[in-house]
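Each residue of the sequence shown is one higher than the last, beginning at 0 in numbering that gives the first Met the number 0. Even glycine gets a Cβ: it sits at the ideal position worked out from N, Cα and C. Quick caveat: nothing in here was measured; it's all calculated off a predicted structure.
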Amino acid sequence: MNERVDESPHSDSHDALSAAASELRMATFRLARRLRAERAVDTMSDGQFAVLAALSIHGEHTLGQLADRERVTAPSMNRTVTLLEEAGYLTRTPDDDDRRKVTIALTDAGRLVVAETVRRRDAWLEAALAALGEEERRTLAAAAEIMRKVADT
Numbered sequence: 000m001n002e003r004v005d006e007s008p009h010s011d012s013h014d015a016l017s018a019a020a021s022e023l024r025m026a027t028f029r030l031a032r033r034l035r036a037e038r039a040v041d042t043m044s045d046g047q048f049a050v051l052a053a054l055s056i057h058g059e060h061t062l063g064q065l066a067d068r069e070r071v072t073a074p075s076m077n078r079t080v081t082l083l084e085e086a087g088y089l090t091r092t093p094d095d096d097d098r099r100k101v102t103i104a105l106t107d108a109g110r111l112v113v114a115e116t117v118r119r120r121d122a123w124l125e126a127a128l129a130a131l132g133e134e135e136r137r138t139l140a141a142a143a144e145i146m147r148k149v150a151d152t
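What follows is the structure in structure tokens.
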């Protein structure tokens, strides 16, 4: 058995980089999953909340714009929008110029769900940060800046 072992000086640094990437990915997913658990409507899926949040942040959209934003097909987005509309969280309004085109917007109930979910998530995260030491909070603040930079590449 002649297995080739990479003894180059870059092998250790690549292994360390790979391990760091894996740890960061797992920690990020765990934190995201924990934050998603804090929601105003327990039966609402992450995809449904993402649509409400997108409308809250970016305003009215067409179905196609929402599908593109969430990276799903138009039929899939149509199902999500229909469920949210039936629950009273958003409305569809036909375009005055093109009756085939529909504008989707939040209702007051939809805005309340977004606001309450954001409030719960912020409260949970604030409590978690309060349990950390000052140095750990500074480290996380610096890490957040770096993570934003990585996400924007």
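Taking the straight line between their C-alpha atoms, what separation do you get for residue i and residue j?
{"i": "Ser10", "j": "Glu22", "result": "18 Å"}
{"i": "Glu59", "j": "Thr152", "result": "27 Å"}
{"i": "Leu62", "j": "Arg24", "result": "31 Å"}
{"i": "Asp45", "j": "Arg32", "result": "10 Å"}
{"i": "Arg159", "j": "Ala126", "result": "Outside the displayed span of the chain (0 to 152) sits residue 159, for which this structure offers no information."}
Is residue i helix, strand or coil when you go by DSSP?
{"i": "Ala143", "result": "helix"}
{"i": "Ala130", "result": "coil"}
{"i": "Ala114", "result": "helix"}
{"i": "Thr92", "result": "strand"}
{"i": "Thr152", "result": "coil"}
Here's the rule I'm using: 16 or more other beta-carbon atoms within 10 Å means buried, otherwise exposed. How should residue i be labelled?
{"i": "Gly109", "result": "buried"}
{"i": "Phe28", "result": "exposed"}
{"i": "Val80", "result": "buried"}
{"i": "Met76", "result": "buried"}
{"i": "Thr116", "result": "buried"}
Taking 9 Å as the threshold (C-beta atoms), are residue j and residue i in contact?
{"i": "Ala104", "j": "Leu54", "result": "yes"}
{"i": "Leu51", "j": "Leu82", "result": "no"}
{"i": "Lys136", "j": "Leu128", "result": "The identity of residue 136 in the sequence shown is Arg, whereas the question assumes Lys. Yes, the Cβ-Cβ distance between Arg136 and Leu128 is below 9 Å."}
Would you list, in sequence order, the uninterrupted alpha helix (DSSP H) runs of no fewer than 4 residues that lie entirely inside the segment 7-41?
Runs found: 8-35.
Entirely within the segment 41-84 and at least 4 residues each: give me those alpha helix (DSSP H) ranges in chain order.
Counting whole runs of 4 or more residues, the segment 41-84 contains the alpha helix (DSSP H) stretches 45-57 and 62-69.
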